[in-house]
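Using our numbering, the first residue of the sequence shown is number 1, and each one after it goes up by one.
See below for the structure under consideration.
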Amino acid sequence: VRAFSATTTKEVICRKWLLLDLDPKRPSEIAATDAELEFALRRRDEIRAKLDAEGWPAPIEMNSGNGAYLVYRIDLPVEDGDLVKRVLASLHYRFSDDQVKVDTSVYNPARILRLAGTWNCKGDDTADRPWRRAEIVQIPSPATVVPRQLLEAIAVKVDFAGTKIQQPGLDVALIVKEHLPDA
Numbered sequence: 001v002r003a004f005s006a007t008t009t010k011e012v013i014c015r016k017w018l019l020l021d022l023d024p025k026r027p028s029e030i031a032a033t034d035a036e037l038e039f040a041l042r043r044r045d046e047i048r049a050k051l052d053a054e055g056w057p058a059p060i061e062m063n064s065g066n067g068a069y070l071v072y073r074i075d076l077p078v079e080d081g082d083l084v085k086r087v088l089a090s091l092h093y094r095f096s097d098d099q100v101k102v103d104t105s106v107y108n109p110a111r112i113l114r115l116a117g118t119w120n121c122k123g124d125d126t127a128d129r130p131w132r133r134a135e136i137v138q139i140p141s142p143a144t145v146v147p148r149q150l151l152e153a154i155a156v157k158v159d160f161a162g163t164k165i166q167q168p169g170l171d172v173a174l175i176v177k178e179h180l181p182d183a
């Protein structure tokens, strides 16, 4: 019997996808209610509309079963100068609230996401917190790469020690401390 082994960051040779994982606020390790899931799906649509307006190409849109994904095509090296991490921090700052959060932990190049068609089976399958299948809502054709300048335009400018703030009006040190604790 061969043990399962996930890909490590050392084995990743480039970044081809940017995952925006939108999670409704709920107790951990249990399924979302219909209302909680709806919050995440509405936030997905809101973020998509804002990024569309800023010139971003169309993403893959998904329902993860308990939340929502926007998956954008990118073309970056693994060592991207923390660009993906900074983009996620900025989107978290702009769009997270007491109902839905933009997950900032998905900057890791070896990150996995729920495969469409598989069941999301967190906690017990109950009437108010049912298990659901992940599903693709929309796939753009073709999947166009987000230009680096658009990523840089929204990225929080900070060294992840939290000392340099280069984007006026944002308390990036506080954002990093609160939402990227491993930074």
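Idealized CB from N, CA, C, for every residue including glycine.
Across which residues does DSSP place P24 in a beta bridge pair?
Translated into the one-based positions of the sequence shown, residue 24 becomes position 24. Paired residues: V100.
Does the stretch 137-156 touch the stretch 86-98, meaning 3 or more C-beta pairs lie closer than 8 Å?
yes
So Y69 and W56 are supposed to be a Cβ contact under 8 Å. How far apart are they, rounded?
Residue mapping note: residue 69 aligns to position 69 of the sequence shown, counting from 1. Residue mapping note: residue 56 aligns to position 56 of the sequence shown, counting from 1. Actually they are not in contact, since the Cβ atoms of Y69 and W56 sit about 15 Å apart, beyond 8 Å.
Helix, strand or coil at I154 according to DSSP, with G and I counted as helix:
Taking the sequence shown and counting its residues from 1, one reaches residue 154 at position 154. If DSSP states are grouped into helix, strand and coil, I154 belongs with the helices.
My assumption, with CB atoms under 8 Å, is that L51 sits in contact with V102. Please give the rounded CB distance.
For the purposes of this step, residue 51 is taken as the residue at position 51 of the sequence shown. For the purposes of this step, residue 102 is taken as the residue at position 102 of the sequence shown. Actually they are not in contact, since the Cβ atoms of L51 and V102 sit about 12 Å apart, beyond 8 Å.
Identified DSSP bridge partners for W56:
For the purposes of this step, residue 56 is taken as residue 56 along the sequence shown, with counting starting at 1. Per DSSP, none; premise fails for W56.
Taking C-beta to C-beta, are C14 and P77 nearer than 8 Å?
Residue 14 sits at position 14 when you count from the first residue of the sequence shown. Residue 77 sits at position 77 when you count from the first residue of the sequence shown. Yes.
Starting from Q138, follow its DSSP beta bridges and name the residues at the other end.
As a working note, residue 138 is residue 138 in the sequence shown. E61, per the DSSP bridge assignment.
Assuming contact is defined by CB atoms lying nearer than 8 Å, are W119 and R129 in contact in what I supplied?
The sequence position of residue 119 within the sequence shown is 119, counting from 1. The sequence position of residue 129 within the sequence shown is 129, counting from 1. No.
When the Cα atoms are used, what is the spatial distance from A32 to R43?
Here residue 32 is taken as the residue at index 32 of the sequence shown, counted from 1. Here residue 43 is taken as the residue at index 43 of the sequence shown, counted from 1. Cα to Cα, the separation comes out at about 15 Å.
On a Cα-Cα basis, can you pick out the residue from R26, G123 and I74 that is closest to T144?
Position 144 of the sequence shown, counted from the first residue, corresponds to residue 144. Per the Cα distances, I74.
Could you round the C-beta distance between V106 and F39 to whole angstroms and report it? I think they count as a contact, below 8 Å.
Residue 106 sits at position 106 when you count from the first residue of the sequence shown. Residue 39 sits at position 39 when you count from the first residue of the sequence shown. That belief does not hold up - the Cβ atoms of V106 and F39 are roughly 19 Å apart, past 8 Å.
Out of curiosity, what's the CA-to-CA distance linking G65 and A53?
Start at 1 with the first residue of the sequence shown, and residue 65 comes out as number 65. Start at 1 with the first residue of the sequence shown, and residue 53 comes out as number 53. Computed Cα separation, rounded: 27 Å.
Assuming D98 and K25 are in contact, meaning their beta carbons sit under 8 Å apart, how far apart are those beta carbons, in whole angstroms?
The residue labelled residue 98 in the question sits at position 98 within the sequence shown. The residue labelled residue 25 in the question sits at position 25 within the sequence shown. Right, their Cβ atoms sit about 6 Å apart.
For I112, name the three-state secondary structure that DSSP assigns.
Residue 112 sits at position 112 when you count from the first residue of the sequence shown. Correct three-state label for I112: coil.
Under 8 Å Cβ to Cβ from L150, same chain only, skipping five residues before and after it: list those, please.
For the purposes of this step, residue 150 is taken as residue 150 along the sequence shown, with counting starting at 1. For L150, where only same-chain residues beyond five positions count, the Cβ hits under 8 Å are E54, G55 and W56.
Can you tell me whether T163 is helix, strand or coil according to DSSP?
Translated into the one-based positions of the sequence shown, residue 163 becomes position 163. Residue confidence for T163 is low, a pLDDT of 42 falling below 50, so the modelled location carries little weight and cannot support an answer.
Where does L36 land, buried or exposed, given buried means 16+ other C-beta within 10 angstroms?
Here residue 36 refers to the residue found at position 36 when the sequence shown is read from its first residue. Note on identity: in this sequence residue 36 is Glu, with Leu being the wrong assignment. It counts as buried.
On the DSSP letters alone, give me the boundaries of the alpha helix (DSSP H) that Y93 sits inside.
Against the sequence shown, residue 93 aligns to sequence position 93. Residues L83 to F95.
N- and C-terminal bounds of the beta strand (DSSP E) containing A68:
Taking the first residue of the sequence shown as position 1, residue 68 is located at position 68. Looking at the DSSP string, the run of the beta strand (DSSP E) that includes A68 is A68 to L76.
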